[in-house]
Amino acid sequence: MDSYDLVVIGSGPAGQKAAIAAAKLGRRAAVVERRDMVGGVCINTGTIPSKTMREAVLYLTGLSQRELYGQSYRVKNDITVADLSARTQHVIAREIDVIRNQLSRNHVALLPGTATFLDPHTLKVADDNGDHREVRADKIVIAVGTRPARPASVDFDGATIMDSDQILGMAHVPTSMVVVGAGVIGIEYASMFAALGTKVTVVEKRSSMLDFCDREIVEALQYQLRDLAVTFRFSESVKEVQRHPAGTVTLLESGKRIPADTVLYSAGRQGVTDALDMPAAGLSAGERGRIEVNEHFQTEVGHIYAVGDVIGFPALAATSMEQGRRASYHAFGESVGGKLGDLQPIGIYTIPEISYVGRTEEQLTGENVPFEVGVSRYRELARGAILGDSYGMLKLLVHAESRELLGVHVFGTNATELVHIGQTVMGCGGTVDYLVDAVFNYPTLAESYKVAALDAVNKMRAIAKVTQTGDYRPLPE
Ligand SMILES: Cc1cc2nc3c(=O)[nH]c(=O)nc-3n(C[C@H](O)[C@H](O)[C@H](O)COP(=O)(O)OP(=O)(O)OC[C@H]3O[C@@H](n4cnc5c(N)ncnc54)[C@H](O)[C@@H]3O)c2cc1C
Ligand SMILES: NC(=O)c1ccc[n+]([C@@H]2O[C@H](COP(=O)([O-])OP(=O)(O)OC[C@H]3O[C@@H](n4cnc5c(N)ncnc54)[C@H](O)[C@@H]3O)[C@@H](O)[C@H]2O)c1
1 MDSYDLVVIG SGPAGQKAAI AAAKLGRRAA VVERRDMVGG VCINTGTIPS
51 KTMREAVLYL TGLSQRELYG QSYRVKNDIT VADLSARTQH VIAREIDVIR
101 NQLSRNHVAL LPGTATFLDP HTLKVADDNG DHREVRADKI VIAVGTRPAR
151 PASVDFDGAT IMDSDQILGM AHVPTSMVVV GAGVIGIEYA SMFAALGTKV
201 TVVEKRSSML DFCDREIVEA LQYQLRDLAV TFRFSESVKE VQRHPAGTVT
251 LLESGKRIPA DTVLYSAGRQ GVTDALDMPA AGLSAGERGR IEVNEHFQTE
301 VGHIYAVGDV IGFPALAATS MEQGRRASYH AFGESVGGKL GDLQPIGIYT
351 IPEISYVGRT EEQLTGENVP FEVGVSRYRE LARGAILGDS YGMLKLLVHA
401 ESRELLGVHV FGTNATELVH IGQTVMGCGG TVDYLVDAVF NYPTLAESYK
451 VAALDAVNKM RAIAKVTQTG DYRPLPE
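Structure follows, in C-alpha cells:
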C-alpha cells in the first residue's frame with residue numbers, strides 16, 4: 001500500500017493548493033481525482049467555462065461597444081453555441097494542462113479515481129475502469145466541492161431543463177429561458193443569455209437578490225438587466241417544471257405559468273460527500289452535504305481537514321485556494337498569517353460586473369458605525385468615456401471619525417480587478433487620506449478611487465465646517 005504525508009481528495013482550487021503547499025514544505029503529497037475532472041468544478045463546469053463564455057458573449061455581441069458604435073453594433077450576427085464553446089474548450093484544455101504540470105513538477109502524485117474512506121487514515125481509490133488501490137495518509141484534506149442541487153420534482157433532461165453543469169452542452173442559443181434562483185450562478189447566466197438576445201425570466205423565492213451586496217449596486221444591476229429585457233419574478237417559488245414537445249412551462253406556487261424554450265435550474269448546490277463513506281472515518285456531513293470545520297479547517301477528526309465549497313460560504317475559487325493552503329500549513333505545523341478574515345473580495349461576473357470588499361452601508365448602519373460615502377461615476381472619468389461605460393460607479397465607505405476605509409463597492413467595467421486597490425489599502429489599515437493624496441495613472445478607471453475619496457472628504461469637511469464655525473445649531477431636544 002502506498003503511503004503519503006498528505007492525501008487530498010479533489011483537485012479543485014482548494015485541493016490543488018493544499019497538495020502543492022504540502023509539497024513545498026517537503027512532504028509527500030497525492031491528489032485523488034476522477035480522470036475527467038482534473039481541476040474540479042472550477043475548471044470543468046463552473047468558474048472557468050462560465051467566465052470564458054461571458055467573455056465570448058461580450059466580444060461577439062459587441063454589447064460593451066454599443067455606447068460608442070450604436071445599438072445595432074454586433075461583431076457577429078446569429079451567434080451559435082459552437083462560437084461560444086470553441087473559446088471555452090480552448091481555455092479549459094489549457095488550464096487542465098497547467099494544473100497537471102504544476103502538480104507533476106512539485107512531485108504531487110495524481111491518483112485517478114474516486115476516494116472512499118476505509119478508516120480514518122486509509123482510502124480506497126476506485127478508477128472508472130474497475131481498478132482500485134488503497135492508500136494510507138498521515139493527514140487527509142477533503143476538498144470534494146459541490147454539485148448542483150436537483151429536486152426530485154424537476155425532470156432534468158440536459159436539453160430543455162438544465163442545471164449549470166448541463167448548460168455548457170446546450171445545443172442552441174434559446175429564444176427564451178426561465179432561470180430558477182437569483183443566486184450568483186443564476187444571475188450570471190441570466191446576464192449572458194440576455195446579452196445574447198434570449199428573453200430571460202428570473203424566478204426567485206426571496207423578495208430581492210444578492211442580499212449580501214450593496215443595495216444601490218443591486219438596483220443598478222437590475223436596471224441594466226431589465227434594459228436587456230430580463231423579467232424578474234421575486235417572492236415567487238417554483239412548484240413544478242413541465243416539459244412539453246414545444247418547450248417548457250414553469251409553474252409557480254402563485255399559479256403563474258411561464259412558457260420558455262429552456263429552463264436553467266440554479267437553486268443552490270450540495271456537497272459531494274456521499275461517495276466518501278464519512279462514518280468509516282468517524283465523520284458526518286450536515287445539511288446539503290456540508291462538512292463543519294474549526295478555524296484551522298480541521299473536522300471533528302483532528303488529522304482530517306475539509307476546505308473549499310464543501311464547507312459552505314463563501315464558496316469561491318479564491319477563498320477555496322487559500323483555505324487549502326492554510327489547512328496544509330496547519331497540518332504540518334507551519335504558521336500562516338492571521339485569521340482568514342473579513343477582507344475577502346467578492347466578484348460577481350454579471351453584465352455589468354459587481355465587486356466589493358468590506359462592509360455594506362446596510363451592515364454599517366445596523367452596527368451603528370458612523371460613515372461617509374464617497375462616489376465616483378465612470379461617466380465622469382476619461383477612461384469611462386473611452387471605454388463607453390457610462391453606468392459604472394465606485395463607492396467608498398469611510399469611517400466618519402477614524403477616516404479608515406470600511407468598504408469598497410464597484411459596479412461596471414473591470415470592477416473585479418479594481419476592488420483589489422481598496423482591499424490593499426484596507427488590509428494595510430489605510431485611511432481615505434492615502435487615496436486623496438495618491439496620484440493615479442490617467443486616464444484609468446483606478447482614478448475613480450481618488451475621485452470617490454475626494455467626494456468623501458469633501459462631505460466630511462462640510463460637516464466639520466458647519467460644526468466648527470458655530471453655524472451648527474443642534475435641534476431642540
Ligand atoms: C457556474 C459556476 C460559476 C462559478 N463562478 C465563480 C467565479 O466566477 N469566481 C469564483 O471565485 N468562484 C466561482 N464559482 C465557484 C468555484 O467554482 C468554486 O468555489 C470552486 O470550484 C471550489 O473549489 P473546490 O476545490 O472546493 O471544489 P471543486 O472545484 O468543486 O472540485 C472538487 C473536486 O473534487 C472531486 N471529488 C469529489 N468527490 C471525490 C471523491 N470521492 N474522490 C475523488 N475526487 C472527488 C470532484 O470530481 C471535483 O473535481 C463558480 C461555480 C459555478 C458552479
Ligand atoms: N462569481 C462568483 O463568485 C460565483 C459565480 C457562480 C457561483 N458562485 C458560487 O456558487 C455557489 C452556488 O450558487 P447558486 O446561485 O447555485 O446558489 P445560491 O444558493 O446562492 O442561490 C440559489 C437561489 O435560488 C433561490 N431558490 C431556491 N429554490 C427556489 C425555488 N424553488 N424557486 C425560486 N427560487 C429558488 C434561493 O432563494 C437562492 O437565492 C454560491 O455560493 C456562489 O458563491 C460564485
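Everything in the sequence shown is counted per the UniProt record's numbering, starting at 1 for the first residue and increasing by one.
Note that beta-carbon positions come from the ideal geometry of N, C-alpha and C, so glycine has one too.
- An exposed status is given to E295, since fewer than 16 other beta-carbon atoms sit within 10 Å of its beta-carbon.
- One Cα belongs to E447, the other to L381, and the distance between them is close to 8 Å.
- With 6 Å as the limit, the residues whose C-beta approaches a heavy atom of ligand 2 more closely than that are V180, G181, A182, G183, V184, I185, G186, E188, V203, E204, K205, R206, S237, V238, S266, A267, G268, R269, P314, A315, L316, G347, I348, Y349, in chain order.
- Using a Cβ distance threshold of 8 Å, D455 and G374 count as a contacting pair.
- Distances between the C-beta of L396 and the heavy atoms of ligand 1 are all 7 Å or more.
- Cβ contact annotation for G268 (same chain, cutoff 6 Å, sequence separation greater than five): A149, in chain order.
- Separation of the CB atoms of T160 and T262 is rounded to 5 Å, and the pair is thereby assigned contact status at 8 Å.
- Under the three-state reduction of DSSP, K205 is assigned to coil, being neither helix nor strand.
- By the neighbour-count criterion, in which a residue is buried when 16 or more other Cβ atoms sit within 10 angstroms of its Cβ, Q71 is exposed.
- The alpha-carbon separation between E95 and G384 amounts to approximately 32 Å.
- Contact check for A143 and G15: beta-carbon distance about 3 Å, within the 8 Å limit, so the pair qualifies.
- Collapsing the DSSP output to three states places Y349 in coil.
- Going by C-alpha positions, H121 is about 15 Å away from A306.
- In the structure shown, the three-state DSSP call for Q102 is helix.
- The DSSP-derived three-state label of M278 is helix.
- CA-CA distance, K51 to I79, rounds to 17 Å.
- About 6 Å separates the beta carbon of E236 from that of S254, a gap short enough to meet the 8 Å contact definition.
- Closest option to A115, judged by alpha-carbon separation, among N106, R105, D128, I291: D128.
- Distance from the CA atom of A21 to the CA atom of S355, rounded to whole angstroms, is 28 Å.
- Around the C-beta of T365, fewer than 16 other C-beta atoms lie within 10 Å, and the residue is accordingly described as exposed.
- When Cβ pairs closer than 8 Å are counted between the two stretches, the segment 76-90 is seen not to touch the segment 33-47, the count staying below three.
- Within the same chain, R403, E404 come within 6 Å of T431 by CB-CB distance, once the 5 residues on both sides are set aside.
- Unbroken beta strand (DSSP E) runs of no fewer than 3 residues, entirely contained in the segment 106-190, are found at 109-112, 114-119, 122-126, 132-142, 146-148, 176-180, following chain order.
- The beta-bridge partner set that DSSP reports for D2 consists of V135.
- The beta carbon of T47 is closer than 6 Å to those of A317 in its chain, skipping five residues each way along the sequence.
- Non-local beta-carbon contacts of E353 in its own chain, meaning distances under 6 Å to residues more than five positions away in sequence, involve A415, T416 in chain order.
- In the assembly as shown, Y69 is an exposed residue. Its beta-carbon has fewer than 16 other beta-carbons within 10 Å.
- Here the C-alpha atom of V230 lies approximately 26 Å from the C-alpha atom of R147.
- Partner residues in the beta bridge of A29, as assigned by DSSP, are L6.
- Under DSSP, Q298 forms a beta bridge with Y305.
- In this chain, G374 is not harboured by any alpha helix (DSSP H); it is covered by the beta strand (DSSP E) spanning 371-377.
- The C-alpha of G358 lies about 21 Å from the C-alpha of V336.
- Distance from Q344 to T360 at the Cβ level is roughly 14 Å; contact not present, criterion being Cβ atoms closer than 8 Å.
- Not one heavy atom of ligand 1 sits closer than 7 Å to the Cβ of V369.
- Annotated as proximal: L228 and A195, with beta-carbon spacing under 8 Å.
- In this structure, H399 is the residue among H399, S207, G388 with its C-alpha nearest to the C-alpha of E367.
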